[in-house]
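*Asks:* Quick note: the sequence shown uses this note's numbering, first residue 136, plus one each step.
For glycine and all other residues, C-beta sits at the position ideal for the given N, C-alpha and C.
Handing you a structure now.
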Amino acid sequence: MLISSFPPNQTDNRLFGAPRSSITCVQMTHAQMKWLVLLAIVGYATAINLIGRTQSAAARGRLTCNGKPAAGVRVKLYDSDNSFLPGVLDTDDLMASGKTDSNGEYNLSGSTKEITGIEPYIAIYHDCNDGIKVKDAFLFQKG
136 MLISSFPPNQ TDNRLFGAPR SSITCVQMTH AQMKWLVLLA IVGYATAINL IGRTQSAAAR
196 GRLTCNGKPA AGVRVKLYDS DNSFLPGVLD TDDLMASGKT DSNGEYNLSG STKEITGIEP
256 YIAIYHDCND GIKVKDAFLF QKG
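This is how it looks when you write it as structure tokens:
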């Protein structure tokens, strides 16, 4: 790491009795920059655990396929994380998962730790000839 200051070779950093500003430049190697980025990512993750608060969400509903209960359908409750590098820094958090019962009903609840408010959503893993219908409305409350 090379540290230099501007203006160079000046012993008195004062002009007319007032302090003169100086600019300090830090030059880093590629490896040092990688460590700095890694340190920033670890710091961000640590901040979420130290500063963040546990928040909860729940969802329940009934899935039908062609008018009949969609039994055994995989359903997951996630918290959407809007990151400036989606999928790299902070992927969406899985809060709960399960399958629908013989009546096509599911009931999921889960929690996650976030600094900001959570944005829960449901992922339904089923095709049903693109005709799956959700009978009940979902109500999400910020916890």
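Identify the continuous beta strand (DSSP E) that holds Ser246 and give its terminal residues.
*Replies:* That run of the beta strand (DSSP E) goes Glu240 to Glu249.
*Asks:* Apart from the five residues on each side of it in sequence, which residues of its chain come closer than 7 angstroms, Cβ to Cβ, to Leu229?
*Replies:* If we look at Leu229 and ignore the five residues flanking it on each side, its Cβ neighbours are Lys211 and Tyr213.
*Asks:* Select from Thr247, Glu240 and Ile250 the residue whose C-alpha is nearest the C-alpha of Ile259.
*Replies:* Answer by Cα proximity: Glu240.
*Asks:* What does a CB cutoff of less than 6 angstroms around Arg209 pick up in its chain, not counting 5 residues either side in sequence?
*Replies:* Closer than 6 angstroms at Cβ, skipping near neighbours: Lys234 and Tyr260.
*Asks:* Output needed for Pro204: all residues of its chain with C-beta closer than 6 angstroms, excluding positions within five of it in sequence on either side, in chain order.
*Replies:* The answer, listed in chain order, is Asn238 and Gly239.
*Asks:* Give a yes or no on whether the C-beta atoms belonging to Glu254 and Ser215 are separated by under 7 angstroms.
*Replies:* Their beta carbons are under 7 angstroms apart, which means Glu254 touches Ser215 by this criterion.
*Asks:* Could you tell me the distance, in whole angstroms, from the CA atom of Phe141 to the CA atom of Asn217?
*Replies:* Below a pLDDT of 50, predicted positions are generally treated as unreliable, and Phe141, at 49, falls in that range; the measurement from the model is reported next regardless. In a straight line, the C-alpha of Phe141 is about 40 angstroms away from that of Asn217.
*Asks:* Go through its chain and collect everything with a Cβ distance to Met136's Cβ below 8 angstroms, but skip five positions before and after it.
*Replies:* Interpretation of Met136 is limited by its pLDDT of 48, a score under 50 that renders its predicted location unreliable; the figure taken from the coordinates is listed afterwards. Within the same chain, Met136 has close Cβ partners Val161, Gln162, Met163, Thr164 and Gln167.
*Asks:* Would you check if the distance between the CB atom of Asn242 and the CB atom of Arg195 is smaller than 7 angstroms?
*Replies:* The answer is yes: Cβ separation under 7 angstroms.
*Asks:* According to DSSP, is Ala193 helix, strand or coil?
*Replies:* Residue state, collapsed to three classes: strand.
*Asks:* Can you give the Cα-Cα distance for Tyr179 and Gly252, rounded to whole angstroms?
*Replies:* Cα-Cα distance, rounded: 16 angstroms.
*Asks:* Between the alpha carbons of Leu173 and Leu185, how many angstroms are there, rounded?
*Replies:* Approximately 18 angstroms between the Cα atoms of the pair.
*Asks:* In this structure, how does DSSP classify Met230 when only helix, strand and coil are distinguished?
*Replies:* Met230 falls in the strand class under three-state DSSP.
*Asks:* If Ser232 sits next to Ser191, beta carbons under 8 angstroms apart, how far is it from one beta carbon to the other, in whole angstroms?
*Replies:* Contact doesn't hold; Cβ gap of about 15 angstroms is too wide.
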